[in-house]
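J.: Structure below; questions to follow.
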Amino acid sequence: MKYWLRFFGFLDALSILLIAPQILLLLKSFDTIPPGVLYIISVLRIVLFLSLFVSAAGLIMLKKVGVMTYYIQFLFRFFTLIFSFGFITYLNDFFPEWQSAVRVTLTLVVFGEFLRLYFTYKSTTEKKFSLK
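Right, dumping it as structure tokens:
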């Protein structure tokens, strides 16, 4: 089960690489965002991006802080659309004529996110495996 946690850590590292250009653009135009819901989501997105570094490093090194950070991040990932399996949505570029491609890929991403939650929980509750 420790391999699952390391795999999820690498997925978080991949998410960092894929989301970094969007975060840089968000930081450059942060002062133009009107106050309100969009502003709150932008702040959450930046905080979640920074916490991805903690969860990625913690999960790769099999530390408890990585798992705890992921559990805290879980709900905020849906608000900010920063998913571990978000790279699957890049498949939409290969099917530009298919109208349901976005729906199908987002369904796969959300399903993958819940599978990740399940496997993370199973690996942390396993008796023969403990995190430091």
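Heads up: the sequence shown is residues 27 to 158, going by the working numbering. Beta carbons are placed, not taken as given, at the ideal position from N, Cα and C, and that holds for glycine. On a predicted model such as this, the values are computed, not experimentally measured, just so you know.
Buried or exposed for TYR96, going by 16 or more other Cβ atoms inside 10 Å?
T.: The residue labelled residue 96 in the question sits at position 70 within the sequence shown. Answer is buried; the Cβ neighbour count reaches 16.
J.: Kindly indicate which residue of SER68, THR150, TRP30 and ILE114 has the alpha-carbon position closest to the one of SER41.
T.: Residue 41 sits at position 15 when you count from the first residue of the sequence shown. The shortest C-alpha separation from SER41 is found at ILE114.
J.: What residue from VAL93, PRO122 and PHE121 has the CA that sits closest to ASP38's CA?
T.: Within the sequence shown, numbered from 1, the residue matching residue 38 stands at position 12. Cα-wise, what sits closest to ASP38 is VAL93.
J.: So what does DSSP say about ILE45, is it helix, strand or coil?
T.: On the sequence shown, position 19 is the one that residue 45 refers to. It is helical.
J.: Quick test of your reading: LEU52 and SER68, contact by CB under 8 angstroms. State the CB separation rounded to the nearest angstrom.
T.: Walking along the sequence shown from the start, residue 52 turns up at place 26. Walking along the sequence shown from the start, residue 68 turns up at place 42. At roughly 6 angstroms, the Cβ-Cβ gap stays under 8 angstroms, so LEU52 and SER68 are in contact.
J.: Is DSSP giving ILE72 helix, strand or coil here?
T.: Indexing the sequence shown from 1 puts residue 72 at position 46. Three-state result, ILE72: helix.
J.: Give me the Cβ distance between PHE120 and LEU85, rounded to the nearest whole Å; I'm assuming they're in contact under 8 angstroms.
T.: The residue labelled residue 120 in the question sits at position 94 within the sequence shown. The residue labelled residue 85 in the question sits at position 59 within the sequence shown. Not a contact, Cβ separation roughly 30 angstroms.
J.: Out of ASP57, LEU132, PHE111 and PHE105, which one is the CA nearest neighbour of LEU74?
T.: Along the sequence shown, one-based indexing puts residue 74 at 48. Out of ASP57, LEU132, PHE111 and PHE105, PHE105 has the C-alpha closest to the C-alpha of LEU74.
J.: What does a CB cutoff of less than 6 angstroms around TRP30 pick up in its chain, not counting 5 residues either side in sequence?
T.: Counting from one through the sequence shown, the residue named residue 30 turns up at place 4. Taken in chain order, the residues that qualify are PHE145 and SER149.
J.: LYS89 to SER110, Cα distance in whole Å?
T.: On the sequence shown, residue 89 is found 63 positions in, with the first residue counted as 1. On the sequence shown, residue 110 is found 84 positions in, with the first residue counted as 1. Looking at the two C-alpha atoms, the distance is approximately 18 angstroms.
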